[in-house]
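From first to last, the protein sequence lines are chains A and B. In terms of UniProt numbering, the first sequence opens at residue 1 and continues consecutively. In terms of UniProt numbering, the second sequence opens at residue 1 and continues consecutively. Scroll down for the structure; my scribbles are underneath it.
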Amino acid sequence: MQPTDEQLKKALKHYFNFTTFREGQEKIIRKLLAGESTMAILPTGTGKSLCYQLVGKLLQKPVVIISPLISLMQDQVEQLQFIGEKRVIALTSALSGRYKKQAVANLARFDFIYLAPEMLNKKEVIQALLNLDLGLLVVDEAHCISKWGPDFRPDYLGLGNLRKQLRDPVTLALTATATDEVAADICRSLFGTKKVTVIRYSVDRPNIFLAVEKISDQKEKKQRLISLVNQLRTPGLIYFSSKKKADEIADLLRQKTMLRVNSYHAGLSSSDRYAIQQQFMQGELDVVCATSAFGMGINKKNIRYIIHYHLPADLESYLQEIGRAGRDGKQSIAILLYHQNDANLQRHLMNATLPDNDLIQYYMDNAQRLTGHVGEQGELLDYYRKQGLSSTAIKELFTRRRQSKNRNLSEILAYINTSGCRRRYIREYFGEKDTQQHNSHCCQLLGEKLPLEFLWMIRDTEEDSPEPAKNNYRRIIEKLFNL
Amino acid sequence: MEELLYFFSTTQPRRPAVIRQVLLNKRTVSNLFWGLRYGILDWLATYPQLQREQFDAVIKTMLVKGWLIEEKQGLRLSLAGLNQSQAFEKKHYRITKPFLFSRLKTPLWHEVLQLLVQVVSETSYQNKQYYVVNSSMQARVIIKQWYQKYYCKNLGQQLGNQLLEFLKQMNSSDADLFMQLFSGHKVIAKTAEQLAYNSTYTGADIENLGRDLGSQLIDFLAKGTSIFKSLAQALLKQNLLAQSTLETYKLYQAGIPLARIGKMRNLKAGTVSEHLLEAAIFIPEFDFKRLLTPQDYVLFNKIFQGEIDNWRYEKIQQADPQSSFTKFRLYQIEQSKVELSR
């Protein structure tokens with residue numbers, strides 16, 4: 001199937017109410033409609049999901065999307081429902097048993113089927129997938145497949161086999177950031193020796209100014225954050241590695257600024273998460289202090305700044321997170337606040353998630369007894385054990401993984417300490433040839449002051465939000481129900 | 001968590017584990033019996049998220065502060081504890097209809113209520129494009145089925161009127177807070193913590209307020225005659241008894257002997273007895289006389305006098321080794337109910 005330009009644009013308008021494609025979208029859609037599997041590396045916020053959603057609509061066949069995060073899937077489902085798509089489902093552990101069974105039994109009724117990778121271990125799910133006249137298989141956040149990537153998920157390793165079982169359907173592997181090494185690894189795992197088209201667009205977002213501030217002690221870090229938040233244009237997003245810190249700083253900012261600030265993390269109830277996300281989307285909050293749980297699937301166009309209070313795990317996640325700023329194309333800024341102890345915190349988190357040799361040995365010696373009782377690390381070990389790997393092989397694997405994580409950390413530290421252009425550093429890291437010269441709108445070089453005024457990033461305090469109106473229950477009811 | 005002081009008494013030593021299990025709705029016969037003795041069964045299922053570590057830490061602090069005193073049979077509220085409890089109650093929101101909590105299907109009722117307000121609100125503005133509040137598939141199916149059956153043009157007017165009718169009986173500042181917990185058309189809910197910034201209440205108080213008024217609203221709609229009646233009724237449990245207990249009790253009511261009930265339901269004799277004890281606790285008109293013979297009453301009356309908490313099964317064993325623990329506990333339950341009705 002190969003529609004004309006006019007037909008494609010008409011479909012875009014009809015289903016999504018857009019008049020033009022963004023960079024890369026049309027090329028990917030055409031490849032898929034021509035029946036060619038494709039790996040697409042597009043920066044965050046460039047409308048990756050629209051590619052497969054439109055293909056599904058045009059082919060009138062079901063699309064299966066494998067996605068690593070329940071929250072991400074739910075966001076996608078909500079966005080599809082928002083545009084009026086009803087035949088959409090997310091098959092995850094969050095769905096209760098009865099509804100999961102019903103959904104699997106009636107899988108062919110859905111046009112968009114989001115699947116958590118662990119669902120692929122269930123025979124009945126595979127059988128239901130085999131019975132589908134599948135239009136397209138999508139592997140979202142495909143960097144999770146790569147052993148070199150930052151978010152490696154063992155369940156993703158089985159996706160190559162799944163493709164074979166499903167008789168090599170047209171497949172789209174999507175990611176926002178992947179080095180050449182990671183991209184090659186993804187293609188190898190998913191497609192074996194088969195050649196597939198790789199479409200890569202620059203990770204560079206020219207309207208996001210890049211900056212790093214080195215801070216000498218933690219107290220000063222708080223002061224500096226308060227000062228930045230008091231100056232910068234809103235809305236803004238501040239990332240933390242810990243839920244507790246996100247809460248603490250949100251409290252502090254509420255006291256020390258006139259802004260509407262809230263924290264957001266996985267520790268909140270689902271209704272609170274909904275409320276905060278919507279308040280931020282609708283401009284009722286100026287600043288959100290969040291962990292990485294916030295953001296995937298957030299489609300807010302006018303975020304003016306992203307501040308990292310803690311060190312991100314690697315450049316890939318950093319780029320994903322700062323990519324949420326400036327989707328309206330206007331000047332925005334990404335500031336990383338760095339204190340030398342932050343690297344230790346990141347190392348600590350790394351050690352907490354990766355089992356060491358002693359734990360691996362203990363687990364392998366007592367696997368029968370321990371299965372299902374040792375949390376995430378145990379699940380990971382169990383997966384490898386079931387793959388038939390020996391203790392030595394597993395230890396080697398995790399040693400390599402730890403080394404790889406350490407390398408990632410060194411890369412982010414090198415980004416912090418580079419004396420050259422930060423933008424060039426990032427482009428080169430992701431294997432892009434850099435021909436652009438550094439300029440004053442690009443980034444802050446090591447030791448330079450932040451040119452906030454020059455960038456027009458200083459907030460006009462007259463823009464500050466008015467006091468919220470007093471809320472009387474009668475008035476709320478009248479407003480809610482149009483009385 | 002200072003509200004835990006409410007569940008202790010200055011005269012009766014109480015075991016904290018029983019209180020915790022009652023608040024969590026962990027139903028063993030022993031918990032339920034002691035919950036009955038402590039007079040706190042109305043509070044079943046009021047704190048389904050209670051964490052053991054947090055609970056234990058709070059109790060420990062209360063002991064250190066001298067608000068609770070450790071005794072052989074449990075913990076007793078001190079005078080300082082009583083003062084603290086009364087001072088706390090003046091400043092904080094206290095759940096007014098706790099007995100409704102164990103009658104509601106949790107967490108379904110909360111999700112359905114949030115969805116109902118949002119769906120009806122968006123319908124009132126003829127809007128179909130909106131982000132649906134977080135809710136389970138089950139809640140969405142319930143709302144969808146209800147909507148298909150009851151859709152009418154003035155849905156918003158009807159729900160608005162029901163809410164106004166319900167809330168006018170409440171304290172108006174509580175009602176103001178309650179309505180801010182809902183999302184709808186161009187209205188986004190506030191979190192309990194956010195509402196607490198401008199209130200004398202804490203975030204936890206506002207959560208309690210939301211649950212308390214929410215459960216009362218469902219009760220109000222279920223008892224009313226509006227188009228929301230069937231929806232609200234679907235969120236209420238038909239019976240306070242656990243399903244299996246209910247089945248045993250129905251057979252018992254039909255006059256079937258206990259041994260036969262065990263066979264029919266493939267249950268051990270001990271389990272059948274436990275089901276009947278649970279029924280004896282919850283069913284007001286439970287027929288004790290079918291299980292306790294006149295001779296049992298004569299014997300129990302002779303042996304047991306005074307404080308029911310202090311009665312011990314060993315005593316009856318000495319007098320009549322054939323008498324079962326179930327009979328002893330049934331008698332205790334019956335006498336507790338008599339005591340409570342005085």
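Don't be surprised by glycine CBs; every beta carbon is placed ideally from N, CA and C.
Member of the options whose CA lies at the smallest distance from the CA of residue i
i	options	result
Phe33 (chain B)	B:Glu207, B:Gln114 and B:Thr326	B:Thr326
Pro3 (chain A)	A:Ile145, A:Leu32 and A:Ser419	A:Leu32
Ser37 (chain A)	A:Gln53, A:Ser227 and A:Ala173	A:Ala173
His348 (chain A)	A:Pro451, A:Asp328, A:Glu124 and A:Pro312	A:Pro312
Pro16 (chain B)	B:Ser30, B:Glu3, B:Tyr47 and B:Asp56	B:Asp56
Gln255 (chain A)	A:Lys243, A:His265, A:Val229 and A:Pro169	A:Val229
Glu85 (chain A)	A:Tyr15, A:Asn482 and A:Leu232	A:Tyr15
Phe18 (chain A)	A:Ile41, A:Leu50 and A:Arg30	A:Leu50
Asn83 (chain B)	B:Tyr38, B:Phe8, B:Phe286 and B:Lys149	B:Phe8
Lys330 (chain A)	A:Arg402, A:Thr234 and A:Leu42	A:Thr234
Ser332 (chain A)	A:Met457, A:Met281 and A:Val77	A:Met457
Ile89 (chain A)	A:Asn161, A:Glu78 and A:Leu354	A:Glu78
Val139 (chain A)	A:Met281, A:Thr171, A:Thr461 and A:Asn207	A:Thr171
Leu137 (chain A)	A:Gln403, A:Leu413, A:Ala325 and A:Ile66	A:Ile66
Glu3 (chain B)	B:Val29, B:Thr10 and B:Gln86	B:Gln86
Glu339 (chain B)	B:Gln318, B:Ala319 and B:Asp309	B:Asp309
Gln25 (chain A)	A:Gln403, A:Gln346, A:Ile199 and A:Gly283	A:Ile199
Gln233 (chain B)	B:Leu209, B:Trp146, B:Leu292 and B:Arg94	B:Trp146
Phe454 (chain A)	A:Lys48, A:Val104 and A:Ser440	A:Ser440
Gly210 (chain B)	B:Asn239, B:Leu231 and B:Met170	B:Met170
Leu166 (chain A)	A:Val125, A:Asp5, A:Ser96 and A:Arg385	A:Val125
Thr418 (chain A)	A:Ala211, A:Leu91, A:Arg98 and A:Tyr52	A:Ala211
First through last residue of the alpha helix (DSSP H) which encompasses residue i
i	result
Met62 (chain B)	Arg52 to Val64
Leu136 (chain A)	Segment Leu136 to Val139 is the beta strand (DSSP E) holding Leu136 (chain A); no alpha helix (DSSP H) there.
Tyr249 (chain B)	Gln243 to Gln253
Glu124 (chain A)	Lys123 to Leu130
Val133 (chain B)	That residue, Val133 (chain B), is in no alpha helix (DSSP H); it is neither H nor E in DSSP.
Glu448 (chain A)	No alpha helix (DSSP H) holds Glu448 (chain A); DSSP gives it neither H nor E.
Ala103 (chain A)	Gly97 to Ala105
Pro294 (chain B)	Pro294 to Ile303
CB of residue i within 8 Å of CB of residue j, strictly
i	j	result
Ile145 (chain A)	Ile186 (chain A)	yes
Leu195 (chain B)	Gln180 (chain B)	yes
Tyr473 (chain A)	Asp176 (chain B)	yes
Val287 (chain A)	Leu259 (chain A)	yes
Phe88 (chain B)	Leu5 (chain B)	yes
Lys57 (chain A)	Asp133 (chain A)	no
Glu70 (chain B)	Leu63 (chain B)	yes
Leu225 (chain A)	Ile249 (chain A)	yes
Gln73 (chain B)	Pro13 (chain B)	yes
Ile333 (chain B)	Leu277 (chain B)	yes
Glu247 (chain B)	Arg260 (chain B)	no
Pro98 (chain B)	Asp174 (chain B)	no
His339 (chain A)	Gln223 (chain A)	no
Ser226 (chain B)	Gln158 (chain B)	yes
Ala128 (chain A)	Leu107 (chain A)	yes
Leu337 (chain A)	Lys221 (chain A)	yes
Phe240 (chain A)	Tyr309 (chain A)	yes
The beta strand (DSSP E) enclosing residue i, as first and last residue numbers
i	result
Ile215 (chain A)	Counting along the chain, Ile215 (chain A) falls outside any beta strand (DSSP E), and DSSP gives it neither H nor E.
Thr38 (chain A)	Thr38 to Ile41
Ala192 (chain B)	Premise fails: Ala192 (chain B) lies in the alpha helix (DSSP H), Ala192 to Tyr197, not in any beta strand (DSSP E).
Gly74 (chain B)	Gly74 to Leu77
Thr171 (chain A)	Thr171 to Thr175
Glu122 (chain B)	Taken as a continuous stretch (DSSP letters only), Glu122 (chain B) belongs to no beta strand (DSSP E), being part of the alpha helix (DSSP H) at Leu108 to Ser124.
Tyr114 (chain A)	Phe112 to Leu115
Ile89 (chain A)	Val88 to Leu91
Glu71 (chain B)	Leu68 to Glu71
Ile66 (chain A)	Val63 to Ile66
CB contact below 8 Å: residue i versus chain C
i	result
Asp272 (chain A)	The structure shown contains no chain C; the protein chains it does contain are A and B.
(message) Quick check for students: name the residue ranges of the beta strand (DSSP E) that lie wholly in the UniProt domain "Helicase C-terminal" (224-368) of chain A, counting only runs of 3 or more.
(response) Within the UniProt domain "Helicase C-terminal" (224-368) of chain A, the complete beta strand (DSSP E) runs of at least 3 residues fall at 236-239, 261-264, 287-290, 305-308 and 332-338.
(message) Which runs of the alpha helix (DSSP H) at least 4 residues long sit entirely within the segment 177-218 of chain A? Give them in chain order.
(response) Here the runs fully enclosed are 180-191.
(request) Taking a Cβ distance cut-off of 7 Å, strictly less, list which residues of the segment 94-110 of chain A are near chain B, in chain order. (result) Of all residues in the segment 94-110 of chain A, the ones placed with a Cβ closer than 7 Å to any Cβ belonging to chain B are Leu95, Ser96 and Tyr99, in chain order.
(request) Give the residues from the segment 169-183 of chain B that approach chain A closer than 8 Å (Cβ to any Cβ), ordered along the chain. (result) Answer set for the segment 169-183 of chain B: Ser172, Ala175, Asp176, Phe178, Met179, Gln180, Phe182 and Ser183.
(request) Identify every run of the beta strand (DSSP E) within the segment 200-288 of chain B, keeping only runs that are complete inside it and at least 3 residues long; order them along the chain. (result) List check, beta strand (DSSP E) in window: nothing returned.
(message) Against chain A, which members of the segment 120-139 of chain B pass a CB distance test of less than 8 Å?
(response) Taking 8 Å as the cut-off between beta carbons, the residues of the segment 120-139 of chain B near chain A are Val120, Ser121, Ser124, Tyr125, Lys128, Gln129, Tyr130, Tyr131, Val132, Val133, Asn134, Ser136, Met137 and Gln138, in sequence order.
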